Amino acid sequence: MKGEEEVGQKGFVDLEQPRHVDGSTVTYPPPPPPPADQSVPGYVVAAVVPAKERLPCCGLGFGWVLFILGFFLTIFWYVGAVLLLYVIHKKDYREKPGCIACLVGAVIVTVVVIVKLTTGQPHWL
């Protein structure tokens, strides 16, 4: 029958090779290559070099270790907050989030202590 697709041996239509009406194979143009390092035209993206060295303290870094230890003894949060001043000048950007968490914890503890001392309540609970 004319106009119908040719049916293969098992009764299925051959969809792997699309064909024209005259029987020649359809060729599609190749897809364009993905942009190199430019996902949005006109917006320059800085290339980030992956860090090759592992962070100290089981790969967490000093900031996060000090943050975790700060829950047991709050002096570690103040040490981490001071360490933030050193990390800002150092080029290892992976230490910053843990030190900033220590800074937030130190500020919260300081505010709670000041509020408790100024309210005149001698008890912490």
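full-length UniProt numbering puts the first residue of the sequence shown at 1, with every later residue one more than the last.
Ideal placement from N, C-alpha and C gives every residue a C-beta, glycine not left out.
Only a predicted model underlies this, so the values are computations on that prediction, with no experimental measurement involved.
- Taking C-alpha positions only, residue 66 is separated from residue 104 by approximately 12 Å.
- For the 9 Å CB-CB criterion, residue 63 and residue 102 form a contact.
- DSSP places residue 56 outside both helix and strand once states are collapsed to three, so it counts as coil.
- By the neighbour-count criterion, in which 16 or more other beta carbons inside 10 Å mark a residue as buried, residue 72 falls on the exposed side.
- Exposure of residue 85 is indicated by the presence of fewer than 16 other C-beta atoms within 10 angstroms of its C-beta.
- If you draw a straight line from the Cα of residue 79 to the Cα of residue 57, it comes to about 16 Å.
- Here residue 96 is not near residue 108, since their CB atoms are 9 Å or more apart.
- Here the alpha carbon of residue 76 sits roughly 22 Å from the alpha carbon of residue 54.
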